[in-house]
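*Asks:*
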Amino acid sequence: MRASRKGFTLIELLVVIAIIAVLVGLLVPAVQKVREAANRMSCSNNLKQLGLAMHSCHDTYKSFPMGAEFNVGSMWSAFILPFMEQDAAYKALTFQEDGLGNIQWAAGLPGVPGDVTSANPSIRNIGICETKFKVFKCPSSDIPDAVADISGDNWIVQKRFPANYLGCVSGLQKSDRNRQTTARPWGGTGGTEDNSNWDGIFITGFAGHQRITYNGQTYGGVGNGITLSSITDGSSNTIMIGEAISSRFDIPMAGISRELQGLNQGRKDHWVIGSDDIDTGNQGDMSECLGSTAVKMNYPRQEPGTAKFSEYEFSFGSNHSGGANFVFGDGSVKFLRDSIAAGTYSALGTRAGGEVVNLD
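In the numbering used here, the protein residues as written are 381 to 740.
1) With DSSP collapsed to three states, give me the class of Asn544.
2) Could you tell me which of Val549, Thr474, Leu430 sits nearest to Lys514, measuring between CA atoms?
3) Expressed to the nearest angstrom, what Euclidean distance is found between the alpha-carbon atoms of Ser615 and Ser422?
4) Below 8 Å between beta carbons: does that hold for Gly697 and Ala624?
5) Which of the three DSSP states, helix, strand or coil, is assigned to Ser719?
6) Count the other C-beta atoms from every protein chain shown that fall within 10 angstroms of the C-beta of Arg415, then say buried if there are 16 or more, exposed otherwise.
7) Under DSSP, the beta strand (DSSP E) around Phe706 begins and ends at which residues?
8) Give me the Cα-Cα distance between Ala732 and Ile523, rounded to the nearest whole angstrom.
9) Excluding the 5 residues preceding and the 5 following Gly605 in the sequence, name in chain order all residues of the same chain whose CB lies nearer than 6 Å to its CB.
10) CA-CA distance, Phe337 and Phe541?
11) Please classify Gly491: is it buried, with 16 or more other beta-carbons within 10 angstroms of its beta-carbon, or exposed?
12) Can you list, in chain order, the residues of its chain whose CB lies under 7 Å from that of Val496, leaving out five sequence neighbours each side?
13) Under the three-state reduction of DSSP, which class applies to Ala790: helix, strand or coil?
14) Which residue or residues does DSSP assign as beta-bridge partners of Ser672?
15) Could you tell me the boundaries of the beta strand (DSSP E) in which Glu623 lies?
16) By the DSSP assignment, the alpha helix (DSSP H) with Glu510 in it spans what residues?
17) For a test of the three-state rule: what should DSSP assign to Val404, helix, strand or coil?
18) Is Ala448 helix, strand or coil when you go by DSSP?
19) Among Ile399, Leu427, Ala674, which one has its Cα closest to the Cα of Met620?
20) For Lys676, count neighbouring Cβ atoms within 10 angstroms of its own Cβ and tell me buried if that reaches 16, exposed if not.
21) Specify, as a first and last residue, the run of the alpha helix (DSSP H) that Ser457 falls within.
22) With DSSP run on the structure shown, which of helix, strand or coil describes Val395?
23) Tell me which residues share the same chain as Asn419 and place their Cβ nearer than 8 Å to its Cβ, disregarding the 5 neighbours each side in the sequence.
24) What did DSSP end up calling Val736 once you bin it into helix, strand or coil?
25) For Leu432, which residues of its own chain have a beta-carbon under 8 Å away from its beta-carbon, when the five flanking residues on both sides are left out?
26) Would you mind sorting Ile460 into buried or exposed? The rule is 16 or more other CB atoms within 10 Å of its CB.
27) In or out: Thr389 buried (at least 16 other Cβ within 10 Å) or exposed?
28) Does Gly703 come within less than 8 Å of chain C when only Cβ atoms are used?
29) Please return the same chain residues whose Cβ sits closer than 7 Å to the Cβ of Thr724, not counting the five positions on each side in sequence.
30) Please state if the CB of Ser436 and the CB of Phe516 are separated by a distance shorter than 8 Å.
31) Check whether the Cβ atoms of Ser424 and Val713 sit closer than 8 Å, and answer yes or no.
32) Among the candidates Met434, Gly494, Glu668, whose CA atom is the shortest distance from the CA of Glu465?
33) According to DSSP, is Ala417 helix, strand or coil?
34) So the candidates are Leu489, Val549, Ala469, Asn544; which of them puts its Cα closest to the Cα of Ala332?
Structural data, given as structure tokens:
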């Protein structure tokens, strides 16, 4: 006689399924936390590499690089390429002014793909701007490696590699110390930037400044780089580079992340290496490579019921929970909470403000 086989009853099967569902529910958040912790550590390592490159640059040229050169569009991230084993990429660039000026160098080339071997210097520039330098991108970023800028600018590089790290150009002005929601990282009420108020490690110059030769290229309209000795607040108390993401919207479009939505709106955009037109006519252009502690972390593009707030473009921030990573003038990397006191955060952005800062 064949023995009968006893299988699971329906109730037993449902119990097993319920147990599995509970275990999966417990496991998934744990896996996500581990992944985010790994991303945050990788992001910290990226900033350490950038900090080392900055100090190698300082050791060689006795100053940190300037933040950006208006109109020509070169940025600090381009200047440190030789110190990150990317000398060939740097030598392919032609951002320098040659007397006639190499401004708006991608004019007439909208959508033209770059080629780092091209005889045309502008096409070489585009090629380097499209190159994927992973050290400039946080693993937690949800924007793709090649992003089309659809702002409609006639001389825009259509696909550039997005960046998640900005140089700190300033802290709050003394009169704006308690006004982080309305403060500007420059003097006046807008329209024209006043670089005399840029008190961070990265400074940026205007036409009329002296020409300097930097790493084999001659630049006009730039300020001299900052030296370690000029950081009188202490290099360990002064932010050099911080994380930043694209626009944060209060209500994102369906199916599109907040970060990618902001980028495609032609709003808050951060790029590696350079832009063909960082000009003095719109303060937002500087935010392609520079940030400020004049604006609180992860500031939204627009609060409900208000007009567009352009200063959000200078906001540092991240997709990490609770804050963002920053590398300081001494090369140390610290995670700052987005709940940091406004006065403390402001003071960390200035190099010689005389503030007393305690992060312990």
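We put the beta carbon where it would ideally sit given N, CA and C, even for glycine.
*Replies:* On the basis of the supplied data:
1) coil
2) Leu430
3) 23 Å
4) yes
5) coil
6) exposed
7) 703–708
8) 35 Å
9) Ser443, Phe444, Pro445, Met446
10) Here the chain has residues from 381 to 740 only, and residue 337 is not among them.
11) exposed
12) Ala472, Arg504, Gly507, Ile508
13) With the chain covering only 381 through 740, there is no way to say anything about residue 790.
14) Ser550
15) 619–623
16) 501–510
17) helix
18) strand
19) Leu427
20) buried
21) 456–459
22) helix
23) Cys518, Pro519, Ser520, His700
24) coil
25) Phe463, Gly711
26) buried
27) exposed
28) This model lacks chain C altogether, as it is built from one protein chain only.
29) Val737
30) no
31) yes
32) Met434
33) helix
34) This structure cannot settle anything about residue 332, because the visible part of the chain is limited to 381 through 740.
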